[in-house]
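Student:
Numbering (the working numbering), first residue to last: 59 to 198.
1. Measuring only the C-alpha atoms, how far is residue 161 from residue 174?
2. What residues in its chain sit with their C-beta under 8 Å from that of residue 101, if we drop five residues either side in the sequence?
3. Give the C-beta separation of residue 81 and residue 67 to the nearest angstrom, bearing in mind that I take them to be a contact with Cβ-Cβ under 8 Å.
4. Since residue 83 and residue 97 are thought to touch, with beta carbons under 8 Å apart, how far apart are those beta carbons, to the nearest angstrom?
5. Check for me: the alpha helix (DSSP H) holding residue 89 runs from which residue to which?
6. Mapping the DSSP letters down to three states, classify residue 60 as helix, strand or coil.
7. In angstroms with no decimal places, state the Cα-to-Cα distance between residue 182 and residue 172.
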């Protein structure tokens with residue numbers, strides 16, 4: 059944040075007073091007038107420079123603040139856009155994971171049903187063969 063003390067302004071005033079404040083009382087009027095005008099002109103020049111410098115520093119502060127605000131706003135917009143993209147990617151990932159899980163569950167269930175039918179058929183076939191073996195043994 060901009061901070062510009064009045065010390066420079068006070069120094070200008072002090073310097074002016076040092077030039078005109080302690081002039082000898084008996085000094086001729088025209089010489090006193092010349093030094094006073096020169097000191098006032100110097101003071102005016104220095105005060106204008108001080109005011110311009112102060113104005114430039116304030117302007118710099120405003121411009122830097124505006125740039126910082128602009129940067130922060132742009133940063134927030136990018137972060138929000140990224141957040142939306144991350145949320146969308148997360149939704150897509152979850153949907154895909156559910157699709158994969160569902161597909162493999164269907165395939166697994168299908169295999170289980172198919173295997174179950176085959177198992178039942180084989181168990182029944184084995185029972186028939188065992189019955190045939192028992193019948194063969196009983197005939198002997």
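Cβ coordinates follow ideal geometry from the N, Cα and C atoms, glycine included.
Tutor: A quick look at the data gives this:
1. The sequence position of residue 161 within the chain shown is 103, counting from 1. The sequence position of residue 174 within the chain shown is 116, counting from 1. Between residue 161 and residue 174, the C-alpha separation is close to 20 Å.
2. Taking the first residue of the chain shown as 1, we reach residue 101 at position 43. The residues are 70, 71, 73, 74.
3. In the chain shown, counting from the first residue as 1, residue 81 sits at position 23. In the chain shown, counting from the first residue as 1, residue 67 sits at position 9. Not a contact, Cβ separation roughly 23 Å.
4. Start at 1 with the first residue of the chain shown, and residue 83 comes out as number 25. Start at 1 with the first residue of the chain shown, and residue 97 comes out as number 39. Residue 83 to residue 97, Cβ: 17 Å. No contact.
5. Reading the chain shown from its first residue, position 31 is the one you call residue 89. Counting along the chain, the alpha helix (DSSP H) containing residue 89 begins and ends at 87-197.
6. For the purposes of this step, residue 60 is taken as residue 2 along the chain shown, with counting starting at 1. In this predicted model, residue 60 has a pLDDT of only 48, less than 50, meaning its place in the structure is not dependable; the value taken from the coordinates is given anyway. Residue state, collapsed to three classes: coil.
7. Residue mapping note: residue 182 aligns to position 124 of the chain shown, counting from 1. Residue mapping note: residue 172 aligns to position 114 of the chain shown, counting from 1. Distance between the alpha carbons of residue 182 and residue 172: 15 Å.
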